[in-house]
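For the sequence shown, the UniProt record's numbering begins at 1 and goes up steadily by one.
Don't be surprised by glycine CBs; every beta carbon is placed ideally from N, CA and C.
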Amino acid sequence: MASIQSIRRPLATLTSRTTKQISVPATIRSTLRTVPEITRAFGTAPSPCLARGNPSVRRMKLAPVQQSFRRWKSDGEPTLRQWGFEDINASLPTSPGTKPQKNLILVDVREPAELSSTGIIPSAVSVPLASQPDAFFLTPEEFETRFGYPKPGAGEEGDIVFYCKAGVRAKAAAQLAVQAGYDAERIGVYEGSWLDWADRKGRVERWEGESE
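What follows is the structure, given as structure tokens:
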């Protein structure tokens, strides 16, 4: 029967050989020297429940995502000018039936029933987005046949400003107009739209078109 010492000697030899075979290159060792700091940072991270209550953890995790989202938004969509109440009010005709003081084309993209209920901003034209989503892709002739008045911005200069009730549909309409070939430099959005206009007691014209 083999003695304990005779068994230990081969095992020791095998262990030493195995240890020598697992060698770490110098380049990797130098890289691993920087790992303890990262390991400590993640090793002491709080649990998911605690992380939600720790502002520094939220910033560390969410900031890169938010920055990427902002970059995607800025790269994927045209930059549209934001118009305010003062800008639009200063551009309106001084009296009914006269032209705007500036080359400004106002486009109301709400539905006719909304216009009948509230009225419109003076000099604005109606192009309802929900019921006529292809309006800006029509030729000037097709547009005038359908709506009974010239296509906004076709054959005339000036900025084109979209508004709706709260600004959401206006932005969508402005983006559609750019996709349809309008110059993004002339396209703008009244971000506050009708709610802001009514709140600031802006001038209102009665809507004379159909309600449906």
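Taking just the CA atoms, how far does residue j sit from residue i?
| i | j | result |
| --- | --- | --- |
| L129 | G155 | 22 Å |
| P112 | S126 | 8 Å |
| S116 | D108 | 12 Å |
| A198 | G192 | 10 Å |
| R169 | P93 | 25 Å |
| T145 | G209 | 15 Å |
| E142 | Q179 | 18 Å |
| F147 | Q82 | 27 Å |
| Q175 | L138 | 15 Å |
| D196 | S91 | 16 Å |
| L32 | K171 | No answer about L32 holds up, because its pLDDT of 39 lies below 50 and its placement is not dependable. |
| A124 | E114 | 14 Å |
Can you tell me whether residue i is buried or exposed, with buried defined as 16 or more other CB within 10 angstroms of its CB?
| i | result |
| --- | --- |
| L80 | buried |
| P122 | buried |
| A173 | buried |
| A177 | buried |
| S131 | exposed |
| E86 | exposed |
| E185 | exposed |
Confirm, please, whether the CB-CB distance from residue j to residue i is below 7 Å.
| i | j | result |
| --- | --- | --- |
| I105 | G167 | no |
| K165 | R110 | yes |
| G188 | V161 | yes |
Since I believe residue j is in contact with residue i (beta carbons under 8 Å), could you give me their beta-carbon distance rounded to a whole number of angstroms?
| i | j | result |
| --- | --- | --- |
| V204 | G119 | 4 Å |
| F136 | Y190 | F136 to Y190, Cβ: 17 Å. No contact. |
| W207 | Y163 | In fact, because the Cβ distance is near 14 Å, the residues do not count as touching under 8 Å. |
| K151 | P140 | 5 Å |
| G158 | N89 | Not confirmed; about 16 Å, so no contact. |
Point to revise | beta strand (DSSP E) runs wholly inside the UniProt domain "Rhodanese" (100–206), at least 3 long, in chain order | key: Along the UniProt domain "Rhodanese" (100–206), the beta strand (DSSP E) occurs as fully enclosed runs of 3 or more residues at 104–108, 159–163, 187–190, listed in sequence order.
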